[in-house]
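Presented below is the structure to which this report refers.
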Amino acid sequence: MKFYTLKNDLNLPAIGLGTWKSEPGKVGNAVIEAIKAGYRHIDCAAVYGNEAEVGEALKTAFAQGLVEREDLWITSKLWNNAHESDKVLPALQKTLADLQLKYLDLYLIHWPVAFKADVGFASKADEFLSPEEAPIINTWKKMEEAYNKGIVKSIGVSNFSLKKLKDLLVDATHPPEVNQVELHPLLQQKELLEFCDTNSIILTGYSPLGSGDRSQDMKKEDEPSLLENKVITEIAKKHNCSPAQVLLAWHLSCGTAVIPKSTNPKRIKENLESYDVSLTNEDLLKIKSLDKGYRYVDAKFFEVPGGPYKNIYDE
Ligand code: A2P
Numbered sequence: 294m295k296f297y298t299l300k301n302d303l304n305l306p307a308i309g310l311g312t313w314k315s316e317p318g319k320v321g322n323a324v325i326e327a328i329k330a331g332y333r334h335i336d337c338a339a340v341y342g343n344e345a346e347v348g349e350a351l352k353t354a355f356a357q358g359l360v361e362r363e364d365l366w367i368t369s370k371l372w373n374n375a376h377e378s379d380k381v382l383p384a385l386q387k388t389l390a391d392l393q394l395k396y397l398d399l400y401l402i403h404w405p406v407a408f409k410a411d412v413g414f415a416s417k418a419d420e421f422l423s424p425e426e427a428p429i430i431n432t433w434k435k436m437e438e439a440y441n442k443g444i445v446k447s448i449g450v451s452n453f454s455l456k457k458l459k460d461l462l463v464d465a466t467h468p469p470e471v472n473q474v475e476l477h478p479l480l481q482q483k484e485l486l487e488f489c490d491t492n493s494i495i496l497t498g499y500s501p502l503g504s505g506d507r508s509q510d511m512k513k514e515d516e517p518s519l520l521e522n523k524v525i526t527e528i529a530k531k532h533n534c535s536p537a538q539v540l541l542a543w544h545l546s547c548g549t550a551v552i553p554k555s556t557n558p559k560r561i562k563e564n565l566e567s568y569d570v571s572l573t574n575e576d577l578l579k580i581k582s583l584d585k586g587y588r589y590v591d592a593k594f595f596e597v598p599g600g601p602y603k604n605i606y607d608e
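Using this note's numbering, you'd call the opening residue of the sequence shown number 294 and step up by one each time.
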């Protein structure tokens with residue numbers, strides 16, 4: 294196992310189990326299988342709609358003595374409809390109740406985008422709250438309050454561009470420990486990574502395998518495949534491992550955490566075994582050349598006509 298020590302001296306396990314897109318009915322078993330396989334980091338979010346089942350699985354894992362609470366790292370995320378100051382702590386309490394936990398190891402602002410409180414997923418301009426109506430710093434102050442109360446041991450953000458991260462650092466009293474973003478060889482985010490390294494912020498990569506199980510409406514035509522990329526498959530062949538393991542080992546070589554999603558016990562185990570894959574400098578140079586700033590999750594779904602959010606990633 295590999296850990297990254299955060300600014301608050303807590304150790305984040307480098308590989309975690311992703312639960313985005315893990316269907317109800319399958320996610321609980323995935324969590325149990327992951328813990329049995331040796332995972333000590335589970336990545337959750339209120340909007341994934343499966344935290345109650347994850348919570349049941351965690352309860353079972355603790356009851357069966359598979360792991361102790363203090364040896365597990367549980368992350369969750371504040372959804373966009375709870376950015377207003379009076380909504381943050383109740384949303385966190387709901388997540389804690391669903392997960393059947395007294396505290397989280399890490400709580401993230403899921404997106405730098407705010408919806409009105411009663412909106413699950415905004416699709417029309419008047420369902421959003423603009424950055425002026427719901428300034429991110431006000432939401433962050435509530436995250437800091439949760440941290441100061443000890444309900445969350447670390448706080449951070451997700452999907453924050455370099456610009457948004459820099460802006461937050463100007464006003465934050467307690468700077469974020471983590472920024473969770475899409476990260477893989479086609480989107481290496483060099484500048485963001487360098488900035489995070491300099492500021493002791495850990496980057497966690499989502500969609501490390503290309504998230505092929507996204508719903509059809511989130512996909513573009515002719516998306517490039519990471520798992521079938523020629524450079525990746527050739528490196529995998531050379532190391533006698535799978536393409537997924539190459540993609541995950543690449544994260545470890547970059548010093549980034551990574552949260553591959555799987556509900557398949559064999560692949561859950563395989564993904565953790567990426568710790569055993571040592572990429573050579575030659576492999577890393579080849580992978581470096583794959584960067585083309587390609588996003589599977591382009592966030593265009595937040596850019597509605599007349600709406601307050603444009604160019605979420607500031608590119
Ligand atoms: P499954 O859940 O059936 O294993 P990402 O983490 O980038 O979001 O990608 C998740 C997708 O990758 C899911 O479709 C998942 O399917 C699949 N996947 C997870 N692990 C592997 C693996 N080791 N090899 C191939 N596909 C994988």
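For glycine and all other residues, C-beta sits at the position ideal for the given N, C-alpha and C. The structure displayed is predicted, hence computed values, not measured ones.
Judged by beta-carbon spacing, A542 lies within the 8 Å limit of L572, meaning their Cβ atoms are closer than that value. Approximately 7 Å separates the beta-carbon atoms of T556 and V320; this is inside 8 Å, confirming the contact. Minimum Cα-Cα distance from N322 among the listed residues G342, V347 and D576 corresponds to V347. In the displayed model, V347 falls within a helix according to three-state DSSP. Contact between the region 331–339 and the region 359–373 is present, with at least three C-beta pairs closer than 8 Å.
Check the Cα spacing between K329 and each of H544, T353 and P317: the tightest is with T353. Leaving aside the five residues that flank K554 on each side, the residues in its chain whose CB is nearer than 7 Å to its CB run, in chain order, G311, T312, W313, K314 and S315.
Taking 7 Å as the cut-off, one finds no heavy atom of the ligand A2P near enough to the beta carbon of T368.
In this chain, the alpha helix (DSSP H) harbouring Y440 covers I429 to K442. Of the residues assessed, P478 falls on the buried side of the cut-off, its CB having 16 or more other CB atoms within 10 angstroms. For I605, there is no enclosing alpha helix (DSSP H), as DSSP marks it with neither H nor E. Relative to the ligand A2P, the beta carbon of P501 is positioned inside 7 Å of a heavy atom. With fewer than 16 neighbouring CB atoms inside 10 Å of its own CB, S423 falls in the exposed class. Ranked by Cα distance from L577, the options A529, D506 and L485 are led by A529. When rounded, the separation of the alpha-carbon atoms in L583 and Q481 is 9 Å. Within the DSSP secondary-structure output, A407 pairs in a beta bridge with L422.
Proximity to K512 across L520, E425, R588 and I325 peaks at R588, based on C-alpha coordinates. Bridge pairing for D398: absent [DSSP]. Taken from the Cβ of D506, at least one heavy atom of the ligand A2P lies inside 7 Å. For V445, the CB contacts under 8 Å within the same chain, skipping 5 residues up- and downstream, are L385, Y396, L397, D398, L399, Y400, M436 and A439 in chain order. Annotated three-state conformation of V381 is helix, per DSSP. Taking the Cα positions, K300 is about 15 Å away from N441.
Here V551 is buried. Its C-beta has 16 or more other C-beta atoms within 10 Å. Per DSSP, reduced to three states, the secondary structure at A542 is helical. Exposed is the label assigned to T491, since fewer than 16 other Cβ atoms lie within 10 Å of its Cβ.
Nearest neighbour of E575 by Cα position, chosen from P558, P601 and H532, turns out to be H532.
Relative to the non-hydrogen atoms of the ligand A2P, the Cβ of A537 comes within a distance shorter than 7 Å of at least one. If you check the C-beta of G331 against the ligand A2P, you find no heavy atom less than 7 Å away. The three-state reading of DSSP puts S567 in helix, counting H, G and I together.
Within 7 Å of the C-beta of R588 there is not a single heavy atom belonging to the ligand A2P. Ranked by Cα distance from G505, the first of V590, E363, I325 and A338 is V590. Taking all protein chains shown into account, S567 has 16 or more neighbouring C-beta atoms within 10 Å of its C-beta and is therefore buried. Short note on S451: C-beta not closer than 7 Å to any heavy atom of the ligand A2P.
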